[in-house]
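Numbering (the numbering used here), first residue to last: -5 to 230. Even for Gly, the Cβ is constructed at its ideal location relative to N, Cα and C. One structure is given below, encoded as structure tokens.
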């Protein structure tokens, strides 16, 4: 008995994988649109859509709403058991890092924020939201609350020149950190900032850091699951 032919969508996937593996379509190459692939390959739009969705889920493609579909970089990785500067992680891979400051404001601590930062409710704190990019693709939303008593000049900083992490480790050297990792779906606003659709699973790290006895920050770090992974190493 002869082999059963692979489904059409699987054959389309293999054709695209061959283009990627051969280097014909390098990282960040814009993939033809669904309509263009329908015309080129002579298959249905449903077949093309399924192939692209599965390749995106496999991490080979990145689909950016309103922009198009691109060949993905090999997944970046972030250290799970260490507190590191994302800019250094990206440049260490030979890639380009830049960030966009979405907001940088002063707030009065809510009960929840006061507990996280170990300050009094109503005390002055700082809040920043920053999007980090790797080779012009958004890879992390950094939503950070800062203890104003520990870093009083935080709002005066130009974070296009250095990351909040780099600045804070200068003014309040890190002595301890805490990570909580979750899998979540992004909010509509987060979808826009990361250029993902609302069904894209994301990795969320809730991180708190201390300098001596002082809580310095409480941060929410959100990564698109298709573009990032976390790694940890330990020994007994």
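Cα-Cα separation, residue i to residue j
i: residue 128; j: residue 103; result: 32 Å
i: residue 30; j: residue 38; result: 11 Å
i: residue 4; j: residue 221; result: 23 Å
i: residue 244; j: residue 206; result: Absent from the structure is residue 244, since the part of the chain shown begins at -5 and ends at 230.
i: residue 113; j: residue 192; result: 35 Å
i: residue 89; j: residue 79; result: 14 Å
Residues of its chain near residue i, where Cβ-Cβ distance is below 6 Å and the 5 sequence neighbours each way are ignored
i: residue 174; result: 200
i: residue 246; result: Coverage of the chain is limited to positions -5 through 230, which leaves residue 246 absent and any answer about it impossible.
i: residue 23; result: 65
i: residue 148; result: 120, 140
i: residue 188; result: 132, 218
i: residue 161; result: 151
Burial state of residue i, where buried means 16 or more other Cβ atoms lie within 10 Å
i: residue 83; result: buried
i: residue 155; result: exposed
i: residue 233; result: The chain is shown from -5 up to 230; residue 233 falls before or after that span and cannot be answered.
i: residue 126; result: buried
i: residue 186; result: exposed
i: residue 183; result: exposed
Beta-carbon proximity list for residue i, same chain, < 8 Å, skipping 5 on both sides
i: residue 32; result: 38, 39, 42
i: residue 85; result: 91
7 Å Cβ shell around residue i - same chain, five flanking residues per side excluded
i: residue 111; result: 103, 119, 139, 141, 209, 212
i: residue 116; result: 102, 103
Bridge partners - residue i, DSSP secondary structure assignment
i: residue 208; result: 205
**Message:** Using a Cβ distance threshold of 8 Å, determine whether the region 208 to 224 contacts the region 122 to 142, with at least three qualifying pairs required.
**Reply:** yes
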